[in-house]
Amino acid sequence: MSINERDDERERQAETEASLSDDSDVDELDDDLDDDEDEEDDEQELEPAAAGAPASTQSWGRNKGPSRRTEARESRRHRFEARRARKRLFYGLGGGAIALALISGLFLPSVLGASTQNPGTTTNTTSASASGAAASVGTKFVAQDAEIVDLEEAHEPYSTSPPTSGARYAHSVVWGVYDQQIPDEGMVRNLEEGGVVIHHNLTDEAASADLQAFVESQPGYPGCFLMQPNASVAEGTVTLTAWEWLETYPGVDEVGMQAFIADHRNDAPLFVSNTCGAAPDTSTSG
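For the sequence shown, position 12 (counting from the first letter as 1) is numbered 18 according to this note's numbering, and the numbering increases by one without interruption.
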């Protein structure tokens, strides 16, 4: 085979190799071309000997360097590696986007659910002092100065009726149920020690009996509870007070009153004990 024929053959093989797109095809073609190159080298070694030229005068008339086939092969390899790098980048970006979408799908609903809760929901049946949560049942009032006063001593008027803070006696009154209204100054001292006072203006005896039974059924009774008639509340209603808090109910609303008690009992500036300093009633009837 002449030099020109070998060059033409290399060009045809280079064009065929350029159309291949994966590593296995390129490697297989490289092996074929390497075999052809070995055959050409053998022919080049034999031609001078067949012509009878001395070994010392063998010359091919050109410098020994990379052939065009080798240069074409390296160029194709560079193009193939660049194409494969682009594919890897594309697949990597696609995989990252899918992972981000999956993570968003897992966490976004919980975030949105928390942000769309009704901000006006304030029902809380757990004691604020026990759970650390802000109290919410009833209406809160700003606390007045808790000055100590003597019996019948003049003082700043209370800001609410019944009182929820302000002037008070040095000592609290005995916990329990009263059939007459006690002085506000004594009752306020009980509020300061964590008590809940049940004020009522009930004219129906059955309703009064139901209210008393509800109060006496509270855990730790009589500790932390005062029940008394109070003409300052509307007729037929029941008003509960705690330190800084007040709520009025139309009659004996056991569910509403229980929520108020759970939210405010023993949640005041002066903590005496879980029963506000009183021993539980252990007496039995009958």
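Backbone N, C-alpha and C define an ideal beta-carbon position, used for all residues, glycine too. Since we're looking at a predicted model, the values are computed, not measured.
Original post:
Count the other CB atoms within 10 Å of the CB of residue 78; is the residue buried (16 or more) or exposed (fewer)?
Top reply: Residue 78 should be labelled buried.
Subject >> C-alpha gap between residue 54 and residue 80, whole angstroms >> reply: Its pLDDT being 45, under 50, residue 54 is placed unreliably in this model, and the coordinates cannot settle the point.
Subject >> Spatial neighbours of residue 27 in its chain, beta-carbon cut-off 7 Å, leaving aside the 5 residues before and after >> reply: Residue placement at residue 27 is flagged as unreliable, the pLDDT there being 47, under the threshold of 50; the coordinate-derived value follows with that caveat. If we look at residue 27 and ignore the five residues flanking it on each side, it has no Cβ neighbours.
Original post:
Between the stretch 261-273 and the stretch 161-175, do three or more beta carbon pairs fall short of 8 Å?
Top reply: Not touching, per the Cβ criterion.
**OP:** Let me know if residue 284 comes out buried or exposed under the rule of 16 or more other beta-carbons within 10 Å of its beta-carbon.
**Re:** buried
Subject >> As assigned by DSSP and simplified to three states, the class of residue 231 >> reply: If DSSP states are grouped into helix, strand and coil, residue 231 belongs with the strands.
Original post:
Do the stretch 251-260 and the stretch 228-243 meet, that is, are 3 or more Cβ pairs less than 8 Å apart?
Top reply: They touch, by the three-pair rule.
**OP:** Can you tell me which of 182, 191, 233, 76 puts its alpha carbon nearest to the alpha carbon of residue 170?
**Re:** 191
**OP:** Pull up the distance between the alpha-carbon of residue 149 and that of residue 172, whole angstroms please.
**Re:** 7 Å
**OP:** Using only alpha-carbon positions, find the residue among 250, 238, 236, 227 that is nearest to residue 282.
**Re:** 227
Subject >> Cβ-Cβ distance between residue 157 and residue 193 below 8 Å >> reply: no
Original post:
So which of 83, 223, 187 has the shortest CA-CA distance to residue 295?
Top reply: Any answer about residue 295 is impossible in this case: the structure gives the chain only from 7 up to 292.
Subject >> Sub-8 Å separation of residue 147 and residue 252 beta-carbons >> reply: yes
Subject >> beta-carbon residue 103 near the ligand SAH non-hydrogen atom, thresh 7 Å >> reply: This structure lacks the ligand SAH, and indeed carries no ligand of any kind.
**OP:** Determine the burial state of residue 108: buried for a count of at least 16 other Cβ atoms within 10 Å of its Cβ, exposed for fewer.
**Re:** exposed
Subject >> Cβ-Cβ distance between residue 154 and residue 174 below 8 Å >> reply: With contacts defined as CB atoms closer than 8 Å, residue 154 and residue 174 qualify as a contacting pair.
**OP:** Note down the Cα distance separating residue 201 from residue 210, rounded to an integer number of angstroms.
**Re:** 26 Å
**OP:** Could you pull the start and end residues of the beta strand (DSSP E) that residue 206 belongs to?
**Re:** 202-206
Subject >> Alpha-carbon spacing of residue 176 relative to residue 221, whole angstroms >> reply: 26 Å
**OP:** Look up residue 243 in the DSSP assignment and say whether it is helix, strand or coil.
**Re:** coil
**OP:** Counting only the same chain and skipping the five closest in sequence on each side, list residues whose C-beta sits under 7 Å from that of residue 198.
**Re:** 152, 174, 249, 274, 275, 276
Original post:
Using DSSP with H/G/I as helix, E/B as strand and the rest coil, what is residue 155?
Top reply: coil
Original post:
Is it buried or exposed for residue 168, if we count other Cβ within 10 angstroms and need 16 for buried?
Top reply: buried
Subject >> Own chain, CB closer than 8 Å to residue 266, minus 5 neighbours either side, in chain order >> reply: 143, 144, 202, 246, 248, 251, 253
Original post:
Which residues in the same chain as residue 90 place their Cβ atom closer than 8 Å to its Cβ, once the five residues preceding and following it in sequence are excluded?
Top reply: none
**OP:** Find out if the Cβ-Cβ distance for the pair residue 196, residue 179 is shorter than 8 Å.
**Re:** yes
**OP:** Quick one: give me the first and last residue of the alpha helix (DSSP H) that residue 276 is part of.
**Re:** Note, residue 276: premise wrong, no alpha helix (DSSP H); not H, not E.
**OP:** For the alpha helix (DSSP H) containing residue 162, list its first residue and its last residue.
**Re:** From DSSP, residue 162 is part of no alpha helix (DSSP H); its letter is neither H nor E.
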